[in-house]
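Enquirer: Residue numbers (numbering that gives the first Met the number 0): 0 to 198. Handing you a structure now.
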Amino acid sequence: MSYLTKAGMAVLSAGAIGGASYSGYVYFSGDSFAKKLGVSVLNLTGTDNSTEWTTRLNELNAKTSGLDKSLEKLKNKTWQELQSWCNSNQSNKFNKETDTLYQNFEEFCTWKVGDKPWSNKIASTVVETHQDWGTAHAALKGKDKNNLSPELKKVYEAESTDNKDKKAMHKWCTDNYKKTWTGDNDATLNEVKEYCKTA
């Protein structure tokens, strides 16, 4: 067997078994949507996650762009129909993060950080000028600024005039609530547990 033939086989072999990493997930070519997202995926049958499915449906109803046609049709339908759509698409092959169908699956078929409970949690439905956000901001001001992430440093610096502190705290927390939950050691979940609470 020639050197070139051996080299070609080696390249093909590496390509066949090679994996890649996106957004902290490691996947191998041919992975399905559900396999790539793992524990993040809601129960695709049954009623155990009905509360979360209802929330995902409300989020779908509010979405104005970026939807696959098959998902667009489910607006104002039932959470069971959304669950069924997710179940039907779970085996789709993952190709890239920018694929609309994959983005839709991740957005509407998974747990979000804000779905999880924690002590003295401030709900996303609490208006941005509510004192609860002011309480959370005051607690943030008691932290060492040097230990905060760049985004939290900006929130830290927000002034109390015109409720800027409350609004900044509200935005940071609720933006992070929308992120996909990736497991019990999720870094975003641990951060919001510490800062998005009333005491």
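Quick reminder that beta carbons are idealized off the backbone N, C-alpha and C, glycines included. All figures in this text were calculated on a predicted structure; none of them were measured in a lab.
Would you report the Cα separation of M168 and K62, rounded to the nearest angstrom?
Expert: Near 24 angstroms, if we compare the C-alpha coordinates of K62 and M168.
Enquirer: Under the three-state reduction of DSSP, which class applies to T218: helix, strand or coil?
Expert: Outside the modelled stretch of the chain, which goes from 0 to 198, sits residue 218, for which no answer is possible.
Enquirer: For V154, does the three-state DSSP call read helix, strand or coil?
Expert: Three-state result, V154: helix.
Enquirer: Around the C-beta of Q82, are 16 or more other C-beta atoms found within 10 angstroms, so that it is buried, or is it exposed?
Expert: With 16 or more other Cβ atoms within 10 Å, it is buried.
Enquirer: Considering only the beta carbon of each residue, do S64 and T181 sit closer than 8 angstroms?
Expert: Their beta carbons are not under 8 angstroms apart, which means S64 does not touch T181 by this criterion.
Enquirer: Determine, using beta-carbon pairs with one atom in the region 95 to 104 and one in the region 112 to 132, whether at least three such pairs fall under 8 angstroms.
Expert: Verdict: no, contact absent.
Enquirer: Using CA coordinates, which residue listed in A186, D30, E58, S87 is at the minimum distance from N75?
Expert: That would be E58, whose Cα lies nearest to the Cα of N75.
Enquirer: Got a sec? Which residues, its chain only, sit under 7 angstroms from N119 by beta carbon, not counting five neighbours each side?
Expert: The answer, listed in chain order, is K196, T197, A198.
Enquirer: Short of 8 angstroms in beta carbon distance, which residues of its chain neighbour T44, apart from the five on each side in sequence? Order them along the chain.
Expert: These residues qualify, in order along the chain: Q82, N86.
Enquirer: For the alpha helix (DSSP H) containing L70, list its first residue and its last residue.
Expert: From DSSP, the alpha helix (DSSP H) with L70 extends over 68 to 71.
Enquirer: Rounding to the nearest angstrom, what Cα-Cα distance links T187 and N175 in this structure?
Expert: If you take the alpha carbons of T187 and N175, they lie about 7 angstroms apart.
Enquirer: Where do the N-terminal and C-terminal ends of the alpha helix (DSSP H) with K102 fall, by residue?
Expert: It is Gln, not Lys, that sits at residue 102 in the sequence shown. Q102 -> alpha helix (DSSP H) spans 99 to 107.
Enquirer: Between which residues of its own chain and A157 is the CB-CB distance below 8 angstroms, once the five residues before and five after are set aside?
Expert: Counting only Cβ-Cβ distances below 8 angstroms, and skipping sequence neighbours, we find H136, K163, D164, K166, A167, M168.
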